[in-house]
Amino acid sequence: MRAKGSDLLVAALENEGVERIFGLPGEENLAVVESLRHSKIELVLTRHEQGAAFMAATQGRLTGSPGVCLSTLGPGALNFTTGAAYAYLGAMPMLMITGQKAIRSARQARFQLVDIVGAMRPLTKMTRQIVSAASIPTMVRDAFRIAMEERPGPVHLELPEDIASEDCNAPLIPTHLIARPIASPAAIKGAVELILASKRPLIMVGAAGNRPRLVEALSDFVRRTQIPFFNTQMGKGAVTGNSELYLGTAALSERDYIHEAIEHADLIIAIGHDTVEKPPFLMGSNCGPRVVYIGYASATVEQVFHPDTEVIGDIGATVTALADALQQRVHAAAKFTALRDKIRGHLAERAEDDRFPVIPQRLVHDVRKVVPEDGIVCLDNGMYKIWFARNYRTTVANTLLLDNALATMGAGLPSAISAKCIDPDKRVLAVCGDGGFMMNSQEMETAVRLKLDLVVLVIEDSAYGMIRWKQAVDHFPDFGMTFGNPDFVAYANSYGAHGHRIKATSELIPTLEKAFTEGGVHLVAVPVDYSENMRVLVEELGNRSIG
Ligand SMILES: Cc1ncc(C[n+]2csc(CCOP(=O)(O)OP(=O)(O)O)c2C)c(N)n1
Ligand SMILES: [Mg+2]
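According to our numbering, the stretch in the sequence shown is residues 52 to 598, in order.
Dropping the structure here:
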């Protein structure tokens with residue numbers, strides 16, 4: 052194909068099936084922007100590069116194919132770094148394309164020059180400068196392959212201005228499906244023997260079990276073996292269906308109600324546990340359940356996680372082979388049913404409490420009421436995340452997007468925008484704290500400009516609530532964590548969105564429902580009463596006797 056570098060780049064992206072690019076260009080990207088103007092790819096302009104990177108990462112998370120974002124050199128590219136880390140720790144495939152000054156002549160000396168390829172090295176699976184237009188198709192193909200391959204993650208290509216305008220003749224590289232090695236029969240046999248020997252097996256689904264392509268295989272595995280299961284925060288939703296075998300989410304590392312079930316188990320089948328998450332339970336050196344680890348690559352061993360045996364290979368193929376071999380011969384431990392009811396009973400406590408300001412249990416309960424089963428809730432990071440992880444029940448994969456890996460603030464709204472772009476027919480709700488929302492609230496304009504139907508729930512405590520809570524748990528005096536907020540209703544309205552303020556707990560469901568029915572971008576500010584954090588998560592769980 053005879054073309055200039057930027058045309059070749061855009062053609063190579065089209066060849067990979069890219070439909071949109073999130074970005075905020077600079078003058079070094081102008082050739083690329085012009086090539087995009089002539090392509091089918093939509094340019095989604097954002098108001099901060101961090102937002103664009105969160106959006107691209109979320110696209111990768113939800114589709115399994117890399118989301119793409121574009122920025123200029125130096126300052127713009129550096130604004131990608133948090134998004135890069137978010138995708139790196141969260142295993143989300145993403146391609147970042149950044150501009151650079153011409154490499155053959157440098158009339159601007161070192162103006163805006165930063166070693167971005169170097170800065171991206173610890174945050175990506177691959178980071179390269181493109182030094183000749185003819186290499187673009189190969190580099191793009193390789194970037195996509197590496198981003199998608201297990202463990203998925205971000206890759207970075209830097210396109211200097213002169214290479215973007217260079218004429219060349221290079222063919223596009225055909226895409227190919229990624230093949231994944233499968234586990235050896237001996238490893239499967241070993242796991243089958245352990246599972247059959249166990250009296251009280253339990254399945255745990257971790258972050259790496261939560262890949263779009265695994266949903267059917269994992270759901271089938273649970274259905275066919277009838278082994279009860281729980282998940283980590285980022286494993287939430289990987290098994291679909293309103294399964295009676297679901298015990299809960301391990302949002303804390305110990306002492307939660309779910310840990311009673313974990314302690315009762317004699318074997319845990321840890322599917323795709325990624326130690327990038329806080330531990331869902333703590334393994335001792337010689338006591339507690341044995342652990343069979345199922346993953347794409349061998350487990351990262353930690354002081355609190357050291358599996359007894361491993362089955363390494365494509366997770367989908369492994370669990371299907373296990374289900375075939377186990378053939379409903381697994382012990383079904385009756386006590387898990389009672390434990391499940393007990394856990395659910397605890398999680399239902401105070402869910403309909405009508406105190407105002409609203410308590411977290413009621414918030415989660417009311418959100419569940421207005422979000423249909425396939426609706427998507429995108430969380431930012433704050434205290435409410437623990438409540439949503441524990442109490443929000445999902446039955447469809449990828450319907451509660453939370454980040455328990457980098458756990459960065461600021462991704463709630465951008466990830467919701469991305470989810471809505473991918474699934475325009477689903478209800479999408481961003482849930483943010485007043486701290487996290489203000490970190491990327493400028494993307495309200497992006498949502499309005501894109502004419503999205505999107506609802507943003509802003510939980511107001513005028514504080515960095517989670518840190519304030521930890522401060523209290525650690526017996527530090529209450530200091531330095533509070534702030535003032537803008538008038539969120541006026542703030543939303545100033546963007547051309549619709550602002551609402553909840554003044555009584557009974558208003559929450561009707562306000563959210565009306566916002567979804569009316570369409571457009573809505574912000575609903577809800578004052579929260581966080582006293583339950585201490586009462587439940589510290590006092591009640593701290594006093595819980597095990598057994
Ligand atoms: C970018 C970033 N900065 C700081 C933190 C540390 N941190 C975690 S939660 C939190 C407070 C969040 O406050 P807010 O969004 O208001 O939620 P709340 O806990 O008050 O509900 C902070 C400061 C972080 N995770 N990410
Ligand atoms: Mg707050």
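The C-beta atom is built at its ideal place from N, Cα and C for all residues, glycine as well.
Following the DSSP letters along the chain, one finds V499 inside the alpha helix (DSSP H) bounded by residues 494-500. Nearest to R88 by C-alpha distance, out of A104, R401, E70, is E70.
Cβ-Cβ separation between G204 and M106: approximately 16 Å, too far for a contact (criterion under 8 Å).
In this chain, the alpha helix (DSSP H) harbouring C472 covers 463-473.
Linking L96 to A470 through their CA atoms gives a straight-line distance of about 16 Å. Within the same chain, and ignoring the five residues on either side of T533 in sequence, the residues whose Cβ sits closer than 7 Å to its Cβ are S513, A514.
For V182, the secondary structure class from DSSP, reduced to helix, strand or coil, is coil. The continuous beta strand (DSSP E) containing D218 extends over residues 218-220.
The secondary-structure analysis by DSSP pairs I510 across a beta bridge with G484, V577. Excluding five sequence positions before and after R586, none of the CB atoms of its chain fall closer than 7 Å to its own CB. Leaving aside the five residues that flank R155 on each side, the residues in its chain whose CB is nearer than 6 Å to its CB run, in chain order, D213.
Collapsing the DSSP output to three states places E569 in a helix. Taking R172 as the centre and dropping the five residues before and after it, the same chain places the C-beta of T178 closer than 6 Å to its C-beta, in chain order. Looking from the CA of E558, the closest CA among S545, A481, V575 belongs to V575. For P236, the secondary structure class from DSSP, reduced to helix, strand or coil, is helix.
The Cβ atoms of F387 and L298 sit closer than 8 Å to each other.
In its chain, beyond the 5 residues on either side, E201, Y347, G364, D365, A368 have a beta carbon closer than 8 Å to the beta carbon of R231. Ranking I394, D392, I239, V327 by CA distance to the CA of I320 puts I239 first. Taking a cut-off of 8 Å on C-beta distances, the stretch 518-529 does not touch the stretch 461-479, as fewer than three cross pairs fall below it. Looking at the DSSP output, P252 bridges to L318. Under DSSP, Q151 shares a beta bridge with P211. Of the other Cβ atoms in all chains shown, 16 or more fall within 10 Å of the Cβ of Q101; this residue is therefore buried. Straight-line spacing of the CA atoms in V342 and V266 works out to 22 Å.
Per the coordinates, the alpha-carbon of V168 lies some 16 Å from the alpha-carbon of M145. Residue environment for A399: exposed (fewer than 16 other C-beta atoms within 10 angstroms of its C-beta).
The nearest non-hydrogen atom of ligand 2 is 7 Å or more from the C-beta of Y542. Annotation: the stretch 298-355 contains the following complete segments of the alpha helix (DSSP H) (minimum length 4 residues), in chain order: 309-315.
Annotation for G550: the continuous beta strand (DSSP E) segment containing it runs 549-552.
In the DSSP annotation of this structure, N282 is not part of any alpha helix (DSSP H); the continuous beta strand (DSSP E) holding it starts and ends at 280-283.
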